[in-house]
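Novice: Under UniProt numbering, think of the first position of the sequence shown as 1, with each following residue one higher.
Don't be surprised by glycine CBs; every beta carbon is placed ideally from N, CA and C.
Before anything else, here's the structure in question.
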Amino acid sequence: MESLSPEYKLYWKVDVARKRIYLGVEAQTTGWVALGFANKIGQMDGYDVGMGYVLNDATAELQDCHTTGYRTPPVDTTQSLVLGNFSEVNGTTTLQYFRPLDTNDQQDIAIKEGPMHVVWAYSDADNVNQKHTRKGYKTITLMGGVGTIGGLGGTLLLFACLSVWLSQ
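Structure follows, in structure tokens:
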């Protein structure tokens, strides 16, 4: 687990055999949540971003996007993210999903060994056209580092459906 801010946590697990990364984000918001990767930080350009939100805790949306400057990120032509579990409880939104380590998509950034720039943002609104409430970035090692498959909120096991996903 990595705290990207006091109100935003990232959980992950790399499955080298299946060439996937399982990601879990937990943010203190009832609006949209975004997590992405960047080769360089600045001008909000060229980031590979997953943006999602929960609707009435019954359905959720998750889109694979890329940034092209200070505007709503356009949706990628090829969607590389697979949504698993999601919830919105007590003002906290949780999204769990996976993606290939290397999608072979020009609009995506491959997950590689060593330090990577991880970008994050969230909004108080579900409308992804609404500007973020908070944002930031942190350089962390996702592959070749510690990684975790720990608990979300201390009670929810990240990727409870991991065994189902691993069979896909």
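G24 and Y119 - do their beta-carbons sit closer together than 8 Å?
Specialist: The sequence as given places Val at residue 119; Tyr does not occur at that position. Cβ distance not < 8 Å, so V119 and G24 don't count as in contact.
Novice: So what does E113 bridge to, in DSSP terms?
Specialist: Beta-bridge pairing links E113 to M143.
Novice: Mind checking whether T67 and Y47 have CB atoms under 8 Å apart?
Specialist: Yes, the pair counts as a contact, with Cβ atoms nearer than the cut-off.
Novice: Once the 5 residues before and after P73 are set aside, which same chain residues still bring their CB inside 7 Å of it?
Specialist: The residues are V49, M51, C65, H66 and T67.
Novice: Pull the bridge partners of E26 from the DSSP assignment, please.
Specialist: Bridge partners of E26: K9 and T94.
Novice: Across the stretch 120 to 134 and the stretch 30 to 44, are there enough close Cβ pairs to call them in contact, namely three or more that are closer than 8 Å?
Specialist: Output reads yes: the stretch 30 to 44 touches the stretch 120 to 134.
Novice: Can you grab the Cα-Cα spacing for the pair T88 / E2, in whole Å?
Specialist: The question names Thr, but residue 88 is Glu in the sequence shown. Looking at the two C-alpha atoms, the distance is approximately 20 Å.
Novice: Determine the burial state of R71: buried for a count of at least 16 other Cβ atoms within 10 Å of its Cβ, exposed for fewer.
Specialist: That one is exposed.
Novice: Give the DSSP-derived three-state secondary structure of G151 in the structure shown.
Specialist: Model confidence at G151 stands at a pLDDT of 41, short of 50, so the residue's coordinates are unreliable; what they give is reported in the following sentence. In the structure shown, G151 sits in a strand (DSSP, three-state: E or B).
Novice: How many angstroms separate the CA atom of I109 from the CA atom of E7?
Specialist: Answer to the nearest angstrom: the Cα atoms are 25 Å apart.
Novice: Can you find the residues in the same chain that come closer than 6 Å, C-beta to C-beta, to L81, ignoring five residues on each side of it along the sequence?
Specialist: Closer than 6 Å at the Cβ level, and outside the excluded window around L81, lie G50, L62, D64, Y97 and R99.
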